[in-house]
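Just so you know, we're using my numbering here: the sequence shown kicks off at 4 and counts up by one.
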Amino acid sequence: MDVVVVESAEEVAREAASRVTDLVRRHPTASIGLATGGTQLGLYRLLTDVYRRGQVSFADNQFFMLDEYAGILPTSTNSFQHVVRSEFLNHVDAAPRSLHVLDGTAHDLHAEAQRFEQILRDAGGVDMQLLGIGTNGHVGFNEPGSPPNSRTRLVRLHDDTIASNAPYFSSPAEVPRVAISQGLETIMKARSILLMAIGARKAKAVAEMIDGEITLECPASILQGHSGATVIVDSAAASLLASRV
Ligand code: PGA
Numbered sequence: 004m005d006v007v008v009v010e011s012a013e014e015v016a017r018e019a020a021s022r023v024t025d026l027v028r029r030h031p032t033a034s035i036g037l038a039t040g041g042t043q044l045g046l047y048r049l050l051t052d053v054y055r056r057g058q059v060s061f062a063d064n065q066f067f068m069l070d071e072y073a074g075i076l077p078t079s080t081n082s083f084q085h086v087v088r089s090e091f092l093n094h095v096d097a098a099p100r101s102l103h104v105l106d107g108t109a110h111d112l113h114a115e116a117q118r119f120e121q122i123l124r125d126a127g128g129v130d131m132q133l134l135g136i137g138t139n140g141h142v143g144f145n146e147p148g149s150p151p152n153s154r155t156r157l158v159r160l161h162d163d164t165i166a167s168n169a170p171y172f173s174s175p176a177e178v179p180r181v182a183i184s185q186g187l188e189t190i191m192k193a194r195s196i197l198l199m200a201i202g203a204r205k206a207k208a209v210a211e212m213i214d215g216e217i218t219l220e221c222p223a224s225i226l227q228g229h230s231g232a233t234v235i236v237d238s239a240a241a242s243l244l245a246s247r248v
């Protein structure tokens, strides 16, 4: 796992955008796993800017969702597929059917998780998976205790995740308790992983992910075992790293 520490959230986004655009220029048909969360927004803005300047095309890429709430309509602003479309894909030349979604409104969510996992396998996995990290060390919705051999599945959200996501809803009661998420093994199959973290509230999770033992209590710590994982953090998120304190 490579760790890159930069000063600001803007630099985190810049560093990540340059890695994504490098990949897409080298490998125009690359498949990319897209994450949501406030941390990803700066990256999506920069990728849109680079596209508008004519410096990159996403026309031949395939995109895969990392996770999705159960029971939220795809048209809702809280739907993760809506977020990646409205913040990124709708502003670039991504092909209309290039986004492989997790349908949180599917009648049978277990079957939906298996369908997605199969599509991902048939596509040969992703070349690059984008990730954020939760204050509790989750990646995707793989909460503490998630098995390392987990595949895309139905998950129950922890209270701290519900609290973190409550500001996006009109009340905490409206935050879904259940979601579909790529599993830890699914994520580890990605050929490369780009995890971004910004802000002091992520410092403890970042330190546990990088300096701690590989443990179920910090799901992101599994990334220590991925040779193509890069973690890009700002100085606030890096403040508890052994190399900085
Ligand atoms: P955030 O979420 O980018 O909104 O902090 C990250 C996550 O919970 O994975």
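In this text, a Cβ means the ideal position worked out from N, Cα and C, and glycines have one as well.
Take residue i and list the residues in its own chain whose beta-carbon comes closer than 6 Å to its own, dropping the five residues that flank it on each side.
i      : result
Ser89  : none
Leu105 : Met68, Glu71, Phe119 and Ile183
Pro175 : Ala169
Gln185 : Leu69, Gly143 and Thr155
Gly148 : Leu219
Thr233 : Asp5 and Leu197
Lys192 : Gly128
Using a Cβ-Cβ cut-off of 7 Å (strictly less than) and excluding sequence neighbours within five positions of residue i, which residues of its own chain qualify?
i      : result
Val86  : Thr39
Thr218 : Ser224
Gln126 : The identity of residue 126 in the sequence shown is Ala, whereas the question assumes Gln. Excluding sequence neighbours, Ala126 sits near Ser34 and Gln65.
Arg17  : Leu49
Gln84  : Met68, Glu71, Pro77, Leu102 and Val104
Using a Cβ-Cβ cut-off of 8 Å (strictly less than) and excluding sequence neighbours within five positions of residue i, which residues of its own chain qualify?
i      : result
Leu157 : Ala73, Leu112, His113, Ala116, Val181, Ala182 and Ile183
Glu216 : Ser224
Leu76  : Ser82 and Thr108
How big is the Cα-Cα spacing for residue i and residue j?
i      : j      : result
Glu10  : Ser238 : 5 Å
Val129 : Leu243 : 31 Å
Thr51  : Thr42  : 16 Å
Ala241 : Ile213 : 10 Å
Ile35  : Arg48  : 16 Å
Phe119 : Met68  : 9 Å
Glu188 : Thr32  : 23 Å
Gly45  : Ser246 : 26 Å
Arg124 : Gly202 : 34 Å
Pro170 : Ser195 : 31 Å
Thr80  : Gly231 : 32 Å
Val8   : Gly140 : 18 Å
Asp5   : Val178 : 34 Å
Asp96  : Phe61  : 6 Å
Thr256 : Ala208 : The structure shown does not extend to residue 256, since the chain is modelled only from 4 through 248, so no value can be given for it.
Tyr54  : Arg28  : 11 Å
Asp63  : Leu226 : 28 Å
Ile165 : Phe172 : 10 Å
Ala206 : Ser101 : 35 Å
Val23  : Arg56  : 16 Å
His229 : Pro150 : 16 Å
Phe91  : Arg204 : 26 Å
Measure from the C-beta of residue i to each C-beta in chain C and report whether the shortest distance is under 8 Å.
i      : result
Val129 : You won't find chain C in this structure, because it holds only one protein chain.
On the criterion of 16 or more Cβ atoms from any shown chain inside 10 Å, does residue i qualify as buried, or is it exposed?
i      : result
Glu220 : exposed
Glu211 : buried
Arg154 : buried
Pro99  : exposed
Glu13  : exposed
Gln58  : exposed
His30  : exposed
Asn152 : exposed
Asn93  : exposed
Glu146 : buried
Pro222 : buried
Ser167 : buried
Gly135 : buried
Would you mind giving the Cβ-Cβ distance between residue i and residue j, rounded to the nearest angstrom? I have them listed as a contact below 8 Å.
i      : j      : result
Ile122 : His110 : Not confirmed; about 18 Å, so no contact.
Ala20  : Leu197 : About 10 Å; that fails the 8 Å criterion.
Ile235 : Val15  : 5 Å
Met199 : Leu26  : At roughly 15 Å, the Cβ-Cβ gap does not stay under 8 Å, so Met199 and Leu26 are not in contact.
Asp162 : Thr138 : In fact, because the Cβ distance is near 11 Å, the residues do not count as touching under 8 Å.
Leu160 : Leu37  : That pair is no contact at about 19 Å.
Environment of the ligand PGA in chain order, Cβ to heavy atom below 5 Å: Checking every Cβ against the heavy atoms of the ligand PGA under 5 Å gives Gly40, Gly41, Thr42, Gly135 and Gly137.
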